[in-house]
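Encoded as structure tokens, the structure appears first; notes follow it.
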Amino acid sequence: MKKFFGVIFIAISFSFAQMKQMDAGELQLSIDKLSVLGSVLYVGAHPDDENSALLAYFAKGKLYRTGYLSLTRGEGGQNLLGSEQGAELGIIRTQELLAARRIDGAEQFFTRTIDFGFSKSSEEALRSWDKDSVLKDVVWVIRKFRPDIIITRFSPTQGGHGHHLSSAILAEEAFKISGDPNIFPEQLNYVRPWKAKRILFNQFRFGGVNSNPQNLPTLKIDVGAYNPLLGKSFTEISGISRTMHKSQAMGSSQYKGSSINEFSVTNGEKAVNDVMEGIDISWNRFPNGKKIEQLIKEVQRTFNPAKPENSIPALLRTHTALQKINNDPLINCKMEEIESLIQSCAGLWIEARAENAAYAQGDSIGITMTFLNRSSAHISLSSISSSELNINIPSQQVLKFNEPYQLQLSSVVTRDQFETQSYWLRTPAAHNRYSTYDYDVIGTAENSSLFSIAAALSIYKTTIMIHVPVQFKWVDDREGEKYQNVAIVPPVSVSTVEKNIVGNNGEHSMLSVAVKALENNISGKVKINVPSGWTASDEQSFTSLAMNEEKAFQFYIHPDSTAVSGTFTAEAVINGKTFSQTVKIISFPHIPPQTVMESATGKLLVFDLKKRGRVVGYIMGAGDQVPAALQQMGYTVSLVSDDELKNGDLQKYDAIVAGVRAYNTRNQLRTSNANLLKYVEQGGTYIVQYQTVIKGETDNIAPYRLELSRDRVTDENAAITFTNVTHPLLNYPNKISQIDFNGWVQERGLYFANKWDTKFESVISCADPNEKPTEGSLLVAKYGKGYYIFTGLAFFRELPAGVEGAYRLFANMISIGK
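In terms of the numbering used here, the sequence shown is residues 6 to 823.
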């Protein structure tokens, strides 16, 4: 047992956005949970695959330690909230999962695999991920979490999506081998082998599919049960939890009433009546468990929701007894539960609030620490310390009842501190897999706080050590009090408006660069690096920029006759040191702000691009980067407002383009669709990109019958067949060939049409391997004097990725009839 200042030492570490204060119902459940040692790991493929009602049932009803393992962070999904794709979308969806877990009470884990988009087979998914590598990660999480049972959302043959099927295949194989010390033996430097009792399949009935059509015997759980301490049923909690997946439009109802879930044992020991059958979930697991159980009963006996501090002495005695048990992950987990209970029973609030949200290396950092004891417990502050901030201050301050005590601290951010970046993005990914090799973080959901301060507090002659993250706090006018972890950033952020430069016919192109100071009094120069064959205008200076001051610069870039496609980099040079990172803040009300850094680079494209027309109206939907690509093609782009859709003069546009999911997100677009069809009838060109099929949103969007579907082609290299080689879309003003479909990313397209009027003409056909070709990815119809075009091709991915053929084909769509 460790000693500190001659008394018992307990360390408490808080990793949530701010200190969690449990209410009376949560305190009662947490105290009762001390008696329960069962654990469950649920396995799926993506954020939003989890059965959140079941997670809530296990975590807050049965009081088991409950976890959700998502193979991916959902990088390949769509985004209803904005234009973030890829890694940035993965960050959003990671935080949405964490927000959901804070509601349903489960923990969150990941493997290092990347969601590369919809996959139609497990063979493709496991090949793309390198099956053994992801299997290793699943085994690691099982050995670290040590679940009594494992439950899969899908089965190896049921789930549709290849990623879904793969999650079950990997879970089944990991279940078989995780207890074998000869498999992945390098992990045993950190964890021990672990074999769960059984693995089960959570049968489902959704999407018109019954996974148990023969009604074979199953184990049943009513996840609609009501918990009076929480004032909600587990399905109600699920509705709140699932609604956190806002980027995926997962707003859910809070269902009330019985809701039966069924389970089939797929491997391990059989069970007849209960998924945890034959598993000892009591303290009898440990030799001195009877004593621990008696101590916990004393905690329960002394608990008074009106005076929870009465239970603190019994909690401290229980914690002391646990320290005598040999190191065991389950014991460590229970000790953390007790430490959290001590903090909440004492009504203890501690925060370490930084003056700013971000700092650069070498910056001074001021911190206000606030301590507040809202109980009758005698608590005094003994010391505060932080190795990262070089703080070590003794104290003998008694924390008086409900009187805040503050300390003003100052330090300097050292030069060797990591700049803020999600740990899985610090090194380049390869083969649809993140390249993190540090076992300290593999499987975890997010970074730990960069800075924390340890406060040693004496309570009932026992010293507890609370590790408090250093955070920035502010009050949002709409959302109220908000917190975020302090970030370490470069002294400047360098960003470019244009991500791709189209050097068409040797013309000059303008590149807009912004330099934003992230510390005070920044001076330097900004320049553009371009490859051979390209010329950029000279470097420009900036002087004495204040913190958060931003200065814009314009550069001209010009290709000569020898130029080929390549990349450019925008750089700021300060005191001889070069910075070329864009610091971005991803911020939405339902998740904490996330700091992301990316290289200030872009593509230089040299290819033959012809176009007709000048002015394009763009109806933004869920958010995409297509308008910027159209501007690079030389078009003047105007974002069409709701008022303009309703009352505006649409004839001023040479073409109007509906953004991805515009019909799903813009009610006024659906209401004003007749105005757009009239625009087409009078000679306009209207291009509709992919829309999610939802009844009432995507009905009757075209002048003739057009039925959208969920059909897609996920192989970005799928063969393309021209079904009408003489059609203008393939010939004017750019001659389209097979070369134009090289280099596509993630997919050919999604949500194709599957039924249409004969007035529509198909232009291309494509298919995934071993599937029937579909012609619904690009359809065009003459209507009145104009043209209506529907396309499910993934231009929203290809144009930002700089796919030259996508630019040429999109130019042809805008130019049709001109």
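Each residue gets a CB set at the ideal place from its N, CA and C atoms; glycine is no exception. Just so it is clear, the structure is predicted and the values come from calculations on it, not from any experiment.
Are residue i and residue j closer than 9 angstroms when you measure CB to CB?
i: S643; j: Y623; result: yes
i: S133; j: S124; result: yes
i: V196; j: V48; result: no
i: L550; j: I527; result: yes
i: S75; j: A58; result: no
i: I119; j: G87; result: no
i: G653; j: K790; result: no
i: M27; j: L346; result: yes
i: M602; j: Q426; result: yes
i: D613; j: N509; result: yes
i: L462; j: S387; result: yes
i: T323; j: E341; result: no
i: R158; j: A179; result: no
i: A605; j: T540; result: no
i: K760; j: S714; result: yes
Suppose you measure from the CA of residue i to the CA of residue j; what does that come to, to the nearest Å?
i: N817; j: P733; result: 8 angstroms
i: I155; j: N678; result: 49 angstroms
i: Q192; j: W145; result: 7 angstroms
i: L755; j: G82; result: 11 angstroms
i: H169; j: P152; result: 21 angstroms
i: Q33; j: I343; result: 12 angstroms
i: E503; j: W479; result: 32 angstroms
i: G43; j: F291; result: 13 angstroms
i: A111; j: G236; result: 18 angstroms
i: K764; j: V698; result: 22 angstroms
i: P778; j: V497; result: 50 angstroms
i: K521; j: S183; result: 49 angstroms
i: E752; j: R438; result: 18 angstroms
i: W199; j: A707; result: 57 angstroms
i: E314; j: N289; result: 28 angstroms
i: K25; j: A230; result: 26 angstroms
i: T375; j: H383; result: 17 angstroms
i: Q100; j: D443; result: 21 angstroms
i: G618; j: F815; result: 12 angstroms
i: L610; j: H563; result: 11 angstroms
i: V277; j: K261; result: 28 angstroms
i: V12; j: I458; result: Legend: pLDDT at V12 = 38, less than 50; position of this residue unreliable, no value from coordinates given.
i: L60; j: I226; result: 12 angstroms
i: Y824; j: T449; result: Residue 824 is absent from the structure shown; the chain starts at 6 and stops at 823.
i: S742; j: E803; result: 16 angstroms
i: E776; j: I447; result: 37 angstroms
i: A663; j: S287; result: 59 angstroms
i: K487; j: R358; result: 12 angstroms
i: A16; j: I469; result: Bear in mind that the predicted position of A16 carries a pLDDT of just 49, short of 50, making it unreliable; the figure below should be weighed with that in mind. If I take the Cα positions, the gap works out to 6 angstroms.
How would you label residue i, buried or exposed, when you count the other beta carbons within 10 angstroms and need 16 or more for buried?
i: Y812; result: buried
i: H250; result: buried
i: E561; result: According to the sequence as given, residue 561 is Tyr; it is not Glu. So Y561 counts as exposed.
i: Q401; result: exposed
i: F21; result: A caution first: F21 carries a pLDDT of 40, below 50, which makes its placement in the model unreliable, though a value can still be read off. Flag for F21 reads exposed.
i: E576; result: buried
i: I2; result: Any question about residue 2 goes unanswered here, given that the chain covers just 6 to 823.
i: F121; result: buried
i: L221; result: exposed
i: K149; result: buried
i: T731; result: exposed
i: K141; result: buried
i: I819; result: buried
Should residue i be listed as close to the ligand COA, given that the test is whether its C-beta is under 8 angstroms from any heavy atom?
i: G236; result: With respect to the ligand COA, the structure offers nothing, as it holds no ligand at all.
Complete runs of the beta strand (DSSP E) confined to the segment 573–657 [at least 3 residues]
Within the segment 573–657, the complete beta strand (DSSP E) runs of at least 3 residues are 582–584, 586–593, 596–604, 606–610, 620–624, 641–644.
Ignoring anything shorter than 3 residues, give me the beta strand (DSSP E) runs that lie fully in the segment 508–552, in order along the chain.
The DSSP assignment places complete beta strand (DSSP E) segments of no fewer than 3 residues inside the segment 508–552 at 514–522, 527–534, 539–541, 545–550, in order along the chain.
Is the segment 686–694 close to the segment 792–803, with three or more CB pairs under 8 angstroms?
yes
In chain order, which continuous runs of the beta strand (DSSP E) of length 3 or greater are located wholly inside the segment 205–284?
224–227, 265–273
Sufficient close CB pairs (3 or more, under 8 angstroms) joining the segment 721–735 to the segment 757–771
yes
May I ask you to verify whether the segment 348–368 touches the segment 330–339, counting CB pairs closer than 8 angstroms and requiring at least 3?
no
Going along the chain, which unbroken runs of the beta strand (DSSP E) with 3 or more residues stay wholly within the segment 711–768?
711–713, 725–727, 758–761, 765–767
Using 8 angstroms as the Cβ pair cut-off and three pairs as the minimum, do the segment 542–558 and the segment 441–459 touch?
Taking 8 angstroms as the limit for Cβ pairs, the verdict is that the segment 441–459 does not touch the segment 542–558.
Cβ pair count under 8 angstroms reaching 3, the segment 203–211 against the segment 269–280:
yes
Does the segment 590–608 come within contact of the segment 623–635, defined as at least 3 CB pairs closer than 8 angstroms?
no
Going along the chain, which unbroken runs of the beta strand (DSSP E) with 3 or more residues stay wholly within the segment 54–101?
70–75
For the segment 94–173, list the alpha helix (DSSP H) runs that are entirely contained and at least 4 residues long, ordered along the chain.
127–134, 136–150
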